[in-house]
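Participant:
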Amino acid sequence: MEPVAIPQSIDDPIHILLWSADEIVPFMVSMLTGMLIDQFIPGLALGFIAVKFYRRFRDNRPDGYTLHALYWLGLLPSRAQTIPNPYIRRFLP
Numbered sequence: 045m046e047p048v049a050i051p052q053s054i055d056d057p058i059h060i061l062l063w064s065a066d067e068i069v070p071f072m073v074s075m076l077t078g079m080l081i082d083q084f085i086p087g088l089a090l091g092f093i094a095v096k097f098y099r100r101f102r103d104n105r106p107d108g109y110t111l112h113a114l115y116w117l118g119l120l121p122s123r124a125q126t127i128p129n130p131y132i133r134r135f136l137p
């Protein structure tokens, strides 16, 4: 019988190079914006700063807070035909 490797961090998100998958989004957006406006180096610097602030924002809140905030603002993309209005507090039958 061979030993089975047990993962140490099963709930951690996927890591790409130095950052988790949700941290790479602000970096990539600022880098691509810098490429489009022909300011690549300032875009990279802005991306590192954005990741630093996003990490500070994310670490002080519970898991899933960003998705909840996007839903609350009505910005969460969905494949559903309709999404309930986030400002409705009670659903009546």
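Going by this note's numbering, 58 is the number at position 14 of the sequence shown; the sequence numbering is gapless. A virtual CB, placed ideally from N, CA and C, is assigned to each residue, including glycine.
Given F84, which residues of its chain have a CB within under 8 angstroms of its CB, disregarding the five upstream and five downstream residues?
Facilitator: Correct list, in chain order: M75 and G78.
Participant: Whose C-beta lies closer than 7 angstroms to the C-beta of L80 among residues of the same chain, with five residues either side of it excluded?
Facilitator: Nothing meets the Cβ criterion.
Participant: Could you tell me the boundaries of the alpha helix (DSSP H) in which L119 lies?
Facilitator: Looking at the DSSP string, L119 is not in any alpha helix (DSSP H), and its letter there is neither H nor E.
Participant: Would you list the one or two residues that DSSP bridges to H112?
Facilitator: H112 pairs with nothing; no bridge assigned.
Participant: Beta-carbon within less than 8 angstroms of S64's beta-carbon, same chain only, minus the 5 sequence neighbours each way: which residues are those?
Facilitator: Cβ neighbours of S64 beyond the five flanking positions: D56, P57 and I58.
Participant: Quick check on this structure: which residue in T110, Y131 and G87 has the alpha carbon closest to the alpha carbon of Y98?
Facilitator: Taking only the C-alpha atoms, the option nearest Y98 is T110.
Participant: Nearest to V73 by CA position, among G108, G87, S53 and L62, is which residue?
Facilitator: Taking only the C-alpha atoms, the option nearest V73 is G87.
Participant: So, with DSSP's three-state summary, where would you put S64?
Facilitator: Reduced to three states, the DSSP call for S64 is strand.
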